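To keep things clear, I will list the structure first and then write my remarks on it.
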Amino acid sequence: MRSMICETQTTMTAGPDQEVHSPAPSSESDGLHQSSSTEDAGKSRKSELSDAAGQSLLERFVVGDQNALDRLLAAYTPMIFAVFMRRYGLTQEDADDLFQEVLLQLVMKADTIRNVRPWLLGTAFNQARKRVRGLIRDRKLAERYVEDEVVEPTDDGDTKDLVARGLAFAAPADQELLRLIYFDDLSYKEVADRLDRPIGSIGPMRGRALARLKTTIDELEGHTLRAVPAC
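Quick note, the numbering used here runs 492 ahead of the 1-based positions in the sequence shown.
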């Protein structure tokens with residue numbers, strides 16, 4: 493059984509628009525027809541297979557006809573890849589991977605399947621949904637990891653007072669950054685999204701903005717003190 497799976501895997505993988513080659517049809521009529529109309533010229537030629545004919549091929553595979561499985565997949569592989577890549581927008585790599593899983597389940601459960609085309613379609617949808625959920629979960633975990641790596645300091649009252657007193661004297665870019673952090677009370681992630689900057693850059697930007705602000709305030713206060721005459 494394993495050798496049959498491996499042989500089929502190496503010959504049947506294809507994208508939604510790729511031609512899937514199958515052995516020439518036998519003289520026995522089993523519902524398999526090749527589309528050859530002029531309007532289909534330039535398009536991938538796909539085998540048309542009725543549900544009954546597909547089930548018949550599966551039953552022939554169950555009793556040992558490997559060629560029947562090849563013909564079954566030649567008809568239904570484009571449908572499976574269309575689910576993965578067109579319906580769910582998965583990459584070719586993901587689609588190839590999921591196709592192998594569908595094929596494995598088909599071979600392992602062949603003797604219990606009663607209507608192969610709906611079974612293949614349902615299995616393809618289930619596999620695609622699981623992969624999409626996994627991708628979403630991985631992306632959220634990655635974002636969470638980045639956020640956890642960025643330690644947002646707890647500012648004391650002196651820092652907030654510094655910002656309140658000197659914000660008007662800061663450069664425009666520093667004003668925007670400090671206003672988002674101290675007046676709008678946004679997280680680093682939210683500030684990064686608002687400014688379209690990497691989240692890891694917000695902390696250093698904040699530190700430099702505060703340093704410049706403190707220097708500006710010190711200079712202004714020093715100038716004011718020098719301008720006041722001694723009593």
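C-beta: ideal position from N, C-alpha, C; glycine also.
Computed from a predicted structure; not experimentally measured.
Simplified DSSP assignment, three categories, for residue i
i           : result
residue 639 : In this predicted model, residue 639 has a pLDDT of only 47, less than 50, meaning its place in the structure is not dependable enough to derive any value.
residue 683 : helix
residue 674 : helix
residue 655 : helix
residue 534 : Below a pLDDT of 50, predicted positions are generally treated as unreliable, and residue 534, at 34, falls in that range; the measurement from the model is reported next regardless. Reduced to three states, the DSSP call for residue 534 is coil.
residue 542 : coil
residue 581 : coil
residue 555 : coil
residue 696 : helix
residue 618 : helix
residue 720 : Note that residue 720 has pLDDT 42, beneath the 50 cutoff, so the model's placement of it is unreliable and the number below is only indicative. Looking at residue 720 - three-state DSSP - the assignment turns out to be coil, as it is neither helix nor strand.
residue 688 : coil
residue 665 : helix
residue 605 : coil
residue 627 : helix
Opening and closing residue of the alpha helix (DSSP H) in which residue i lies
i           : result
residue 586 : 584 to 601
residue 565 : 558 to 573
Cβ-Cβ distance between residue i and residue j below 9 Å
i           : j           : result
residue 590 : residue 623 : yes
residue 577 : residue 587 : yes
residue 672 : residue 686 : yes
residue 547 : residue 599 : no
residue 575 : residue 613 : yes
residue 694 : residue 669 : yes
residue 674 : residue 652 : yes
residue 709 : residue 657 : yes
residue 568 : residue 621 : no
residue 554 : residue 602 : yes
residue 593 : residue 558 : no
residue 565 : residue 595 : yes
residue 659 : residue 667 : yes
residue 688 : residue 610 : no
Closer than 9 Å to chain D by CB, residue i
i           : result
residue 688 : The chain inventory of the structure shown lacks chain D, comprising one protein chain alone.
Is there contact between the region 695 to 714 and the region 659 to 679, where contact requires at least three CB pairs shorter than 8 Å? Yes, they touch.
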